[in-house]
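Residue numbers (full-length UniProt numbering): 1 to 103.
To start, the structure itself, in structure tokens.
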Ligand code: HEC
């Protein structure tokens with residue numbers, strides 16, 4: 001968590017052409033930080049699988065809401081203090097599409 005925080009804090013706000021860098025950083029966050037609970041291949045661990053076949057019942061907006069607010073009473077933390085709405089939406093779309101996981 002400390003590594004995650006510092007990584008976010010030093011993210012260069014003024015860098016140019018960062019679209020890809022940002023995406024790489026977020027993809028890395030999903031694998032490292034989400035993966036610490038959901039498994040490095042997102043197949044599940046302490047938290048459930050986040051692979052597309054497991055998220056079929058949830059629209060992107062619902063996934064974004066879970067990431068934003070967390071799941072009260074469970075280990076799933078709210079990410080809104082750490083991630084912008086755009087970042088959360090991007091992650092939700094990637095989870096839905098399976099772009100971050102190998103087949
Ligand atoms: C500290 C452990 C932990 C971390 C870190 C974590 N999660 Fe979770 N997550 C959980 C648990 C536990 C649940 C199940 C909550 C419940 O009981 O419904 C969950 C549930 C979810 C769900 C709902 C899945 C479903 O099928 O209902 C999504 C989506 C999700 N997490 C995404 C993420 C994302 C994206 C990240 C990283 C930004 C993340 N989680 C980080 C523990 C974690």
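Cβ atoms here follow ideal geometry from the backbone N, Cα and C, with glycine treated the same way.
Given the structure is predicted, the values throughout are model-derived calculations rather than measurements.
The alpha helix (DSSP H) enclosing residue 95, as first and last residue numbers: 85-97
Buried versus exposed, by CB contacts within 10 Å (16 or more), residue 62: exposed
Cα-Cα separation, residue 48 to residue 76: 10 Å
Bounding residues of the alpha helix (DSSP H) (the contiguous stretch that carries residue 35): 35-38
Boundaries (first-last residue) of the alpha helix (DSSP H) holding residue 68: 60-69
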